[in-house]
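Enquirer: For the sequence shown, the working numbering puts the final residue at 236, and the numbers step up evenly by one. Don't be surprised by glycine CBs; every beta carbon is placed ideally from N, CA and C. Source: prediction; values computed, not measured. Right, I'll just put the structure down here and ask away after.
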Amino acid sequence: MTYAFPKTLPLRRRPPPPPSPPRLLLHLHPLLLKLISIGVADTVGVDLFVVFISNEEKKVPLWHQKASNSIDGLVVWDYHVICIQSKQKQGNDIDLVWDLDTTLPFPFLLNQYIPEAIRPLSFGHSMYSRLFRVVRAPIFLRSFASDRSHMKDPSGNWISSPPVYHPIVAEDGTTNNLNEYIQMRSRDARSLEDSINDVHSSKYGAVLSETMLEEFFSLIRQRRISPKTT
């Protein structure tokens with residue numbers, strides 16, 4: 007399927023003015039904890055995956071975004087982040103997308119979210135081709151750290167109000183490693199087999215091309231392996 011798109015795209019930089027619900031990456035961290043604590047997710051979150059979306063040019067087109075002024079909801083972010091939950095519901099395997107920025111249903115089925123919000127190959131192999139860093143939630147919750155420096159301007163002033171809770175510090179004492187998650191290159195994408203191994207063991211997960219995302223989670227569902235989370 008092909009899609010029409012404008013010649014110039016509205017680039018947005020993080021963090022834009024806060025809507026409701028908040029769109030900042032830092033709000034995904036408490037979302038993961040909430041899904042676990044209320045029993046929507048597994049007790050340690052092994053069915054949850056954090057997915058960073060970016061590319062080498064930091065130009066990531068996504069549709070149905072709340073920050074958009076266009077009818078189709080198109081925005082070009084420097085990076086975006088969502089949660090994908092791979093679970094069983096009433097005996098069926100499903101993948102759900104939790105996107106705090108979308109105007110689509112929350113959560114939304116992955117096989118519907120991809121053609122609606124991502125629209126693979128809309129831009130061919132160009133600067134707008136998306137890359138996806140997939141990190142298993144238990145590993146992410148132990149390893150991710152943010153001192154919120156990305157929320158300040160060059161003068162050190164807050165671009166928007168910071169969250170009320172304390173900055174996130176990793177288990178090993180790291181205070182900021184956001185860039186390690188959002189920096190991606192096309193050559194970082196490996197085979198599906200290697201990617202599945204990486205997502206279960208690597209601190210920074212696996213990088214996928216935009217055509218690999220749905221098949222990757224299909225394989226996760228098929229295998230239903232219980233990865234190590236240590």
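When the distance is taken between beta carbons, is Leu41 closer than 9 angstroms to Trp83?
Expert: Within the sequence shown, numbered from 1, the residue matching residue 83 stands at position 77. Within the sequence shown, numbered from 1, the residue matching residue 41 stands at position 35. No. Outside cutoff.
Enquirer: Where does Ala143 fall in DSSP's three states?
Expert: Looking up residue 143 in the sequence shown gives position 137. In this structure, Ala143 counts as helix in the three-state DSSP scheme.
Enquirer: Which same chain residues end up closer than 6 angstroms to Ile188 when comparing Cβ atoms and leaving out the 5 residues on each side of it in sequence?
Expert: The residue labelled residue 188 in the question sits at position 182 within the sequence shown. Counting only Cβ-Cβ distances below 6 angstroms, and skipping sequence neighbours, we find Phe58, Ser60, Tyr85.
Enquirer: For Pro27, count neighbouring C-beta atoms within 10 Å of its own C-beta (all shown protein chains included) and say buried if the count is 16 or more, exposed if not.
Expert: For the purposes of this step, residue 27 is taken as residue 21 along the sequence shown, with counting starting at 1. A caution first: Pro27 carries a pLDDT of 32, below 50, which makes its placement in the model too unreliable to give a value.
Enquirer: On the criterion of 16 or more Cβ atoms from any shown chain inside 10 Å, does Phe112 qualify as buried, or is it exposed?
Expert: Counting from 1 along the sequence shown, the entry for residue 112 is found at position 106. Burial call: exposed.
Enquirer: My understanding is that Ile124 touches Lys209, with C-beta atoms under 8 angstroms, so please give their C-beta distance in whole angstroms.
Expert: Within the sequence shown, residue 124 is the residue found at index 118, counting from 1. Within the sequence shown, residue 209 is the residue found at index 203, counting from 1. Contact doesn't hold; Cβ gap of about 25 angstroms is too wide.
Enquirer: Here's a check: name, in chain order, each residue in its chain whose Cβ is nearer than 8 angstroms to the Cβ of Val66, leaving out the five neighbours to either side.
Expert: Residue 66 sits at position 60 when you count from the first residue of the sequence shown. Same-chain partners within the cutoff: Ile59, Ser60, Val82, Trp83, Asp84, Tyr85, His86, Tyr134, Arg136.
Enquirer: Can you find the residues in the same chain that come closer than 6 angstroms, C-beta to C-beta, to Lys64, ignoring five residues on each side of it along the sequence?
Expert: To locate residue 64, count along the sequence shown from 1; it is residue 58. Cβ within range, chain order: Asp84.
Enquirer: Looking at the strands, I want to know which residues DSSP matches up with Asn98.
Expert: Translated into the one-based positions of the sequence shown, residue 98 becomes position 92. Bridge partners of Asn98: Lys95.
Enquirer: Provide the residue span of the beta strand (DSSP E) that contains Phe55, from first to last.
Expert: Taking the first residue of the sequence shown as 1, we reach residue 55 at position 49. Here the beta strand (DSSP E) through Phe55 covers 54-60.
Enquirer: For my contact list, Leu54 and Leu38 are in at a C-beta cut-off of 8 angstroms; report their separation, rounded to the angstrom.
Expert: As a working note, residue 54 is residue 48 in the sequence shown. As a working note, residue 38 is residue 32 in the sequence shown. Correct: roughly 6 angstroms between the Cβ atoms.
Enquirer: My guess is that Pro126 and Glu62 are in contact by the Cβ rule of under 8 angstroms, so how many angstroms apart are they, rounded?
Expert: On the sequence shown, position 120 is the one that residue 126 refers to. On the sequence shown, position 56 is the one that residue 62 refers to. About 18 angstroms; that fails the 8 angstroms criterion.
Enquirer: Using a 10 Å radius around the Cβ and a threshold of 16 neighbouring Cβ atoms, would you call Arg229 buried or exposed?
Expert: For the purposes of this step, residue 229 is identified with residue 223 of the sequence shown, where counting begins at 1. Result: exposed.
Enquirer: What would DSSP say about Phe129, mapped onto helix, strand or coil?
Expert: Numbered from its first residue, the sequence shown carries residue 129 at position 123. Of the three classes helix, strand and coil, the one that applies to Phe129 here is coil, per DSSP.
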